[in-house]
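Beneath this line is the structure, given in structure tokens, with notes to follow.
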Amino acid sequence: MAKTIGIIAIKGGVGKTTVATSLATDLANHYDKKVLLVDANFSAPNLGLHMDILEPEKTIHHILDKKIHAKSAVIEKFGVDVIPGDYVYNRELPVLKLKDKLASLKDSYDFVVLDSSPSLNDEVFSTILASDVLFVVTTPDYPTLSCTIKAAKLARQRGRPIAGIIINKIRDPRYELNIHDIEESLDIPVVARIPDDKQALRSLFTRIPLPVYKKNSPLSKEINRLNAALTRNKEKKSFIQSIMPFDFKKERINRELLKDSFYSKTFKH
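Here's what the structure looks like:
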């Protein structure tokens, strides 16, 4: 049965959807996993724009509205099965039933990746409740960290484990929060540190997910390292890294710890 991973952030602009689509396409294309990617941002869905799905006829909105079966909304793109959102759907939906609506599909996949809403409402609750494990995406600044603290608190209150923090869009470490600051504030390990990647903008413009568009970009490589932990594979290292006897990067150590905890503790619901 699939492991359901929720990608959450209680602030727009941190790159949450880019991380979600990159995680899913990298798992499918570079680790040969069967992946379902779902747009769970019901009020402002845009996952389809990242996956080159511009005019979907059947969406997660239709599934929640009891109009179609979940399987009939699946669209295959870039090696991933995708359930997109409807950009203009305006009916009230039972969003907290997301888990139940996707249950029939889980046996067909290795991973289900949910791209959540960035709003503190029932939409993000639906992702938290539907997920076996969560990753929180943040940028290394004080305003975003304060929102990330809220997201972490929310997840803990709902009894869903947070596997780690993904720091995205690192631009100038001299004037940004470091990994120690973030881990100390959240009491959650940082499992990925991603520099601000110019290729991400180009990837979105072409509507090709970054691990497919440019697999050696900084974001693609760090997501690949994280997925190595999720699939219990060895991380790919550069030549310099391979000849060094030890690698003391905190996020790499955290990923090694994640390999075991991800399976031994996460999926017991």
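Mapping of the sequence shown onto the numbering used here: position 78 corresponds to residue 1129, and the numbering continues sequentially without gaps. Quick reminder that beta carbons are idealized off the backbone N, C-alpha and C, glycines included. Note that the structure is predicted; figures quoted are calculated from it, not measured.
Rounded C-alpha distance that separates residue i from residue j
i	j	result
Lys1084	Asn1284	12 Å
Asp1238	Lys1118	42 Å
Glu1307	Ala1280	7 Å
Asp1161	Glu1286	20 Å
Ile1104	Val1133	9 Å
Phe1313	Ile1217	15 Å
Asp1311	Asn1141	43 Å
Ala1203	Thr1178	13 Å
Gly1130	Thr1076	7 Å
Arg1079	Met1102	One detail in the question is off: residue 1079 reads as Ala in this sequence, not Arg. If I take the Cα positions, the gap works out to 14 Å.
Arg1244	Leu1087	25 Å
Best match in the options for proximity to residue i [C-alpha to C-alpha]
i	options	result
Ser1268	Arg1253, Ala1206, Ala1280 and Thr1282	Arg1253
Val1089	Val1242, Tyr1226, Tyr1314 and Lys1128	Lys1128
Val1175	Arg1276, Met1052 and Ile1059	Ile1059
Val1241	Lys1249, Asp1248, Asp1232 and Asp1247	Asp1232
Pro1212	Val1187, Arg1303, Leu1078 and Lys1067	Val1187
Ala1124	Glu1143, Leu1153 and Leu1100	Leu1153
Helix, strand or coil at residue i [DSSP, three-state]
i	result
Pro1194	helix
Leu1144	coil
Phe1318	The predicted position of Phe1318 is uncertain, since its pLDDT is 44 and thus under 50; no value can be drawn from it.
Asp1166	strand
Leu1153	helix
Glu1174	helix
Asn1097	coil
Whether residue i touches residue j by CB criterion (8 Å)
i	j	result
Tyr1082	Asn1278	yes
Ala1071	Asp1173	no
Ala1180	Leu1205	Here residue 1180 is Leu; the residue named in the question, Ala, does not match the sequence. The answer is no: Cβ separation not under 8 Å.
Gly1063	Pro1169	yes
Ala1214	Leu1100	no
- request: For the region 1230-1310, list the beta strand (DSSP E) runs that are entirely contained and at least 3 residues long, ordered along the chain.
  value: The region 1230-1310 contains these whole beta strand (DSSP E) runs: 1241-1246.
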